[in-house]
Amino acid sequence: MFAVRGIAVSLSIFVLVYSALSVSVCGVWRKVWGWACARQHPQRECADLLFTLRMLPLVIAVGVTLILAVPSFLELEPRAVSEPLGGMPLVLSVCGMGMMFAGIWNAAAALTRASRVIARWSREASVVGSTAVGSNGSVSVRRSLGSVPPLTTAGIVRPTVWLSAAAEFVLTERELRSALRHEIAHVRRRDNLRKLMLRVVAFPGMAALECAWRETTEMAADDAAVSSVSEALDLAA
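Now the structure itself:
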């Protein structure tokens, strides 16, 4: 019973802190983002700021729960007590477990769908080559038949850049290099992992913030892919 009470109290505190901070973030993120844009910060920093704001409720809620709530409960709560658990902690703990299971389910469903799509692309794919992502390794570039996907990066642990035969035919060599640099920028920033993390922390009202982050991270990848006006024109084409 002591363990059940501890789990219920810990989950209740987590839900309260996480929900309160998430509502606060929903209310202030546009002002923070507008301030960053007004200061003309690089798109990379704006994307990092939005992602930090999105993950901040989870980080703080976990920290408060593990650093304050759990040790306090273990230190102050008597091991043997006849006091009933109470309805509110029970409801909040059920909500906390529901949030965790929903996040895990969303992430698992996204990974399953991605695996099926990649398996379909891989049936008649061929390796084009590899592109360096730094001093620690490279990313494989694979060509798929048809027009899907035009050009995208899939995978988290071992990311791969997928290029369609149609896109390779349409793009010039310079345009293709610029587009590949754009995808490599996503790999360096681990944007696929960040997208998966957003699946785990799904919360009502956060869709606009997540959409703004996706748009900003695309612009950040554009900035990382070009270093001159001509390269910017190639990427835009």
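Residue numbers for the sequence shown follow our numbering, beginning at 1317 and rising by one. Note that the Cβ used here is the ideal one computed from N, Cα and C, for glycine as well.
Q: With DSSP as the reference, label Ser1326 as helix, strand or coil.
A: helix
Q) Closest by CA to Leu1366, which one among Val1545, Asp1507 and Asp1539? A) Asp1507
Q.
I want to know whether the segment 1318-1335 touches the segment 1489-1506 - three or more CB-CB distances under 8 Å.
A. no
**Q.** Bounding residues of the alpha helix (DSSP H) (the contiguous stretch that carries Val1378)
**A.** Gln1359 to Gly1379
Q: Measure the C-alpha to C-alpha separation of Asp1538 and Gln1359 and round it to an integer number of angstroms.
A: 9 Å
Q: Go to Ser1463, then tell me how far its alpha helix (DSSP H) extends in each direction, as first and last residue.
A: It is not in any alpha helix (DSSP H) - Ser1463 carries neither H nor E in the DSSP assignment.
Q: Identify whether Val1517 lies in helix, strand or coil by the three-state DSSP scheme.
A: coil
Q | Buried versus exposed call for Thr1476 [16 or more other C-beta atoms within 10 Å across all chains shown] | A | buried
Q) Taking the continuous beta strand (DSSP E) assigned at Ser1480, which residues delimit it? A) Thr1476 to Ser1480
Q) By how many angstroms is the C-alpha of Val1545 removed from the C-alpha of Ile1434? A) 34 Å
Q. Considering only C-alpha positions, which residue in the set Thr1468, Val1473 and Leu1461 is nearest to Ala1482?
A. Leu1461
Q.
So, for Leu1332: in the same chain, excluding its five sequence neighbours on each side, which residues have a beta-carbon less than 8 Å away from its beta-carbon?
A. Leu1408
Q. CB Thr1533 to CB Ala1363, shorter than 7 Å?
A. yes
Q | Of the residues Gly1521, Met1413, Ala1548 and Val1503, the one placed nearest Glu1343, counting alpha carbons only | A | It is worth fixing the name first, because residue 1343 is Gly in this sequence and not Glu. Among Gly1521, Met1413, Ala1548 and Val1503, the Cα nearest to that of Gly1343 belongs to Gly1521.
Q: With DSSP collapsed to three states, give me the class of Ala1441.
A: coil
**Q.** Residue span of the alpha helix (DSSP H) that contains Ser1494, given as start and end
**A.** Glu1489 to Arg1504
(Q) Under DSSP, the alpha helix (DSSP H) around Arg1530 begins and ends at which residues? (A) Ala1523 to Ala1541
Q.
Is it buried or exposed, Met1404, if we count other Cβ atoms within 10 angstroms and call 16 or more buried?
A. exposed
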